[in-house]
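> Have a look at this one.
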Amino acid sequence: MTTRVRYDDVTVGTELPAQQFQATRARLVQYAGASGDFNVIHWNERIAKSVGLPDVIAHGMFTMAEAGRVVTDWVGDPAAVVEYGVRFSTPVPVPDDDVGTTLAVRGTVAEKLDGNLVAIDLDARVDDSKVLVRARAVVRLD
Amino acid sequence: MPLNRDFIGREYPAAETYEVSRELIRRFAEAIGDDNPAYVDVDAAKALGHPDVIAPPTFLTVLGFRYSDAGPITDPDFGLDYSLVVHGEQRFVHHRPVRAGDVLSVSTSVVDIRDAGRNELFTTKTAVTAGGEPVADLFSAIVSRGTAARAGEPA
């Protein structure tokens, strides 16, 4: 494993480069196929609305995967991620248009741990609402 | 209707192994729009010290859907209505990266079922190994909306 970022160069409060990701209907269909999650609320607007959702919603795991890219793009080698956990707080509705929904993700070094481990807190929002809470990745750096 | 609490502690070892291929990893990486070369380019993965391409950190989510017909979720005695379900929490603990060529053994156990207000929270742990070597542990909390025993009572 080879990380682009070195443990000694990181301090608590270091900010990872922020990124934005688009969730579109086409992307959700692609994710359904790749993940095997064919729950209708992720592609059928009629059924999503009938169970009280505002629209088709993104797979929680899709949101988690996108947020994690802020970490893996920063470290370079995705194998550096030894732990990654989130709580899903708010569904992410995805409209039937060509733009979709914008997910804005920031990451901050929260703790330096023994064994070259670093904990990163992630902040993932749609507009101003947090869609993930207690989102934290632990990475092992060189 | 509340979930059947007798299921706490039950373990569901998958009867079949899960074979990870380069193409499955590529398809997953493309679906999340991630162009990290470690997922698709064998030479790039080897340059990082891996024997083959590796999978994104959330790739193992595929296991839950691959083996759902063998677990509690589809067991009528468990009492879960899938249309009332939302994903509450997810955590991955990686002992080593998942690689193309891995033959994974998968076993899921029901850790806990409890009331959370009007809802029920159903927690599972999935242990993933390859040839006896630990690969990852997945912790998942599923919310069953409005099914707590007291949900129907007046506040």
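Those protein sequences? They're chains E and B, same order as listed.
Using numbering that gives the first Met the number 0, you'd call the opening residue of the first sequence number 0 and step up by one each time.
Using numbering that gives the first Met the number 0, you'd call the opening residue of the second sequence number 0 and step up by one each time.
We put the CB at the ideal spot given by N, CA and C, even for glycine.
So who's on the other strand from E:G84, going by DSSP bridges?
DSSP lists E:R135, B:R90 as partners of E:G84.
> How is E:G32 classed by DSSP in three states: helix, strand or coil?
It is helical.
> Comparing C-alpha positions only, which one of E:G99, E:L121, E:D127, E:R133 sits nearest to E:G12?
Checking every option, the nearest Cα to that of E:G12 belongs to E:L121.
> Does DSSP put B:T107 in a helix, a strand or coil?
It is a strand residue.
> Taking DSSP as the reference, what is the three-state secondary structure of B:G48?
If DSSP states are grouped into helix, strand and coil, B:G48 belongs with coil.
> Can you give me the start and stop residues for the beta strand (DSSP E) that E:G75 sits inside?
Per DSSP, E:G75 belongs to no beta strand (DSSP E) and is neither H nor E.
> For B:A126, collect the residues of the same chain with a Cβ closer than 7 Å to its Cβ; drop the 5 residues on either side in sequence, then sort them by chain order.
Excluding sequence neighbours, B:A126 sits near S106, D136.
> Anything in the segment 35-48 of chain B with a Cβ closer than 8 Å to a Cβ of chain E? List those residues in chain order, please.
Hits within the stretch, in order: N35, A37, Y38, A46, L47, G48.
> Less than 8 Å between the C-beta atoms of E:D54 and E:M0, yes or no?
Their beta carbons are not under 8 Å apart, which means E:D54 does not touch E:M0 by this criterion.
> Assuming B:A13 is part of the beta strand (DSSP E), what are its boundary residues?
Here B:A13 belongs to no beta strand (DSSP E), and DSSP marks it neither H nor E.
> So, does the CB of E:E65 fall closer than 8 Å to a CB anywhere in chain B?
It does: the Cβ of E:E65 has a partner Cβ on chain B nearer than 8 Å.
> Please state if the CB of B:N118 and the CB of B:R144 are separated by a distance shorter than 8 Å.
Contact flag set, yes.
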